[in-house]
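Peer 1: Each residue of the sequence shown is one higher than the one before, counting from 513 in my numbering. Idealized CB from N, CA, C, for every residue including glycine. Everything numeric in this text was worked out from a predicted model, so none of it was measured. Quick one: structure below, then a few questions.
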Amino acid sequence: MAQLVKLQDYISRYQIDLARYPTQFVRLKKNQWERIKRQWELGEDISEWQHVDNEAEAEAYEEKERFSFIKKLFAGRQKEATEDVEEVEISNELVSDEDIIPEEETTLTFEPKIVYAPQSIHELKRMFIDQFFHFQMKWASSTLREKSYVDPRFMRDSLLRMLLQTLPDNYLLFYYPILQIRKAPIELDVVLMSPTECICITVLEAENQAVYVGGSDRFWIKKVGTKDSKVLNPTINLGRMESVLSQLFKQEDIDMPIRKVVLSRNGYFDYPGSPFGVRFVDRRNYHEWIEHLRKVSSPMKHMQIRAAQTILNTVQTTSFNRDIWQQAPQPTED
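Rendered as structure tokens:
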């Protein structure tokens, strides 16, 4: 799973120590997955998983009852060919093997919750990843002392979920981060940091089957059925993102190529020719593009971390101190 380094202007633990948290994130996820997978393979009762939400409590209880019967069928069966949630390792360029990094106290623990009896390793993996997404949202919007309010729309954001769940651990994601450049807030779109390049993504996904007719003008034509409307040329925003990041990288002597992508998972682009340095990804080549990103097996690089840190050094943050809530009087029990 890609790592959500910064979400809008929410507090991020990666701002505190970018060398520590990528490794801690991968270790936490890997340990939990191996434990759950081992319990499932042995037919042990994993119905005591804890979920970050309290949804479907009634259904969970019924499934728990059924699971006690179904799990007996799993015990003693020949193990299926298994697969790990993630195989990408974090490079020792970030942390020397001789360094022992103590685990920082955290206010978060991840214990998934069983809501139905997975009948294959693939179902178990899907359940684990879906619930880890909820944990990851909290991981990316809180620290030991501070937290930010997360807009519920991000929990339903299919693009955010897709990027995090599809791409491997060696990707760092900035999702619509807000930077402070010369005391002025600048909101970027999606910035995806791979071990070897920085990918700026502008998204056009208003309606299904929409056709975006592009050109060099300030506005493009969006065609949905027989209806035409104007949308702002997305390459303008991409150019602005590239300019901002290029200046930041140059100031810190960071050698990281910047790629530009216009993305529409549910629409099509009709662009005569192709603007220099911009790749159009629509329904026709979306899966090919994602698969290419997934195959980047290189471990995380020192230059990648430096580039991400440079962006984090300029971000805007809105959060509140946990102590305000912790010091509030608690109701007493008789």
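Among residues of its own chain, excluding the 5 on either side of Tyr533, which ones have a beta-carbon nearer than 6 Å to its beta-carbon?
Peer 2: Here residue 533 refers to the residue found at position 21 of the sequence shown. Only Arg525 and Tyr526 meet the Cβ criterion.
Peer 1: Determine whether the beta carbon atoms of Gly779 and Gln692 lie at a separation below 8 Å.
Peer 2: Taking the first residue of the sequence shown as position 1, residue 779 is located at position 267. Taking the first residue of the sequence shown as position 1, residue 692 is located at position 180. Not a contact, by the Cβ cut-off of 8 Å.
Peer 1: What's the gap between the Cα of Pro784 and the Cα of Ser654?
Peer 2: Reading the sequence shown from its first residue, position 272 is the one you call residue 784. Reading the sequence shown from its first residue, position 142 is the one you call residue 654. Taking the straight line joining both Cα atoms gives about 45 Å.
Peer 1: Could you tell me the distance, in whole angstroms, from the CA atom of Val790 to the CA atom of Glu709?
Peer 2: Counting from one through the sequence shown, the residue named residue 790 turns up at place 278. Counting from one through the sequence shown, the residue named residue 709 turns up at place 197. Distance from the CA atom of Val790 to the CA atom of Glu709, rounded to whole angstroms, is 14 Å.
Peer 1: In angstroms with no decimal places, state the Cα-to-Cα distance between Trp837 and Phe731.
Peer 2: One-based indexing of the sequence shown puts residue 837 at position 325. One-based indexing of the sequence shown puts residue 731 at position 219. A caution first: Trp837 carries a pLDDT of 48, below 50, which makes its placement in the model too unreliable to give a value.
Peer 1: Return the Cβ separation of Met513 and Asp681 in integer angstroms, given the expectation that the two are a contact with Cβ distance under 8 Å.
Peer 2: The residue given as residue 513 occupies position 1 in the sequence shown. The residue given as residue 681 occupies position 169 in the sequence shown. Between Met513 and Asp681 the beta-carbon gap is near 6 Å, inside 8 Å, which marks them as a contact.
Peer 1: Apart from the five residues on each side of it in sequence, which residues of its chain come closer than 7 Å, Cβ to Cβ, to Ala819?
Peer 2: One-based indexing of the sequence shown puts residue 819 at position 307. Closer than 7 Å at Cβ, skipping near neighbours: Met705, Cys710, Phe761, Ile766 and Met768.
Peer 1: With H, G and I counted as helix, E and B as strand and the rest as coil, what does DSSP make of Phe731?
Peer 2: Against the sequence shown, residue 731 aligns to sequence position 219. Phe731: strand per DSSP, three-state reduction.
Peer 1: So is Pro630 buried or exposed if we call it buried at 16+ other beta carbons inside 10 Å?
Peer 2: Within the sequence shown, the letter at position 118 stands for residue 630. By the 10 Å Cβ count, Pro630 comes out buried.
Peer 1: Is it buried or exposed, Met753, if we count other Cβ atoms within 10 angstroms and call 16 or more buried?
Peer 2: Here the question's residue 753 lines up with position 241 in the sequence shown. So Met753 ends up on the buried side.
Peer 1: Give the range of the beta strand (DSSP E) segment to which Lys742 is assigned.
Peer 2: For the purposes of this step, residue 742 is identified with residue 230 of the sequence shown, where counting begins at 1. Element bounds for Lys742: Lys739 to Leu744.
Peer 1: From Glu569 to Met639, what distance separates their C-alpha atoms?
Peer 2: On the sequence shown, position 57 is the one that residue 569 refers to. On the sequence shown, position 127 is the one that residue 639 refers to. Low per-residue confidence applies at Glu569: pLDDT is 36, beneath 50, and the placement is therefore not dependable enough to give any value.
Peer 1: Inspect the beta-carbon positions of Lys495 and Pro689 and report whether they are closer than 8 Å.
Peer 2: Missing from the structure shown is residue 495; the chain here goes from 513 to 846 and no further.
Peer 1: Give me whichever residues DSSP pairs with Pro697 in a beta bridge.
Peer 2: The residue you call residue 697 lines up with position 185 of the sequence shown. Answer is Gln692, bridged to Pro697.
Peer 1: Is it buried or exposed for Ile748, if we count other Cβ within 10 angstroms and need 16 for buried?
Peer 2: For this step, residue 748 is matched to residue 236 along the sequence shown. Label assigned to Ile748: exposed.
Peer 1: Work out the CA separation of Arg657 and Thr826 for me, nearest whole Å.
Peer 2: Taking the first residue of the sequence shown as position 1, residue 826 is located at position 314. Taking the first residue of the sequence shown as position 1, residue 657 is located at position 145. Whole-angstrom Cα-Cα distance: 21 Å.
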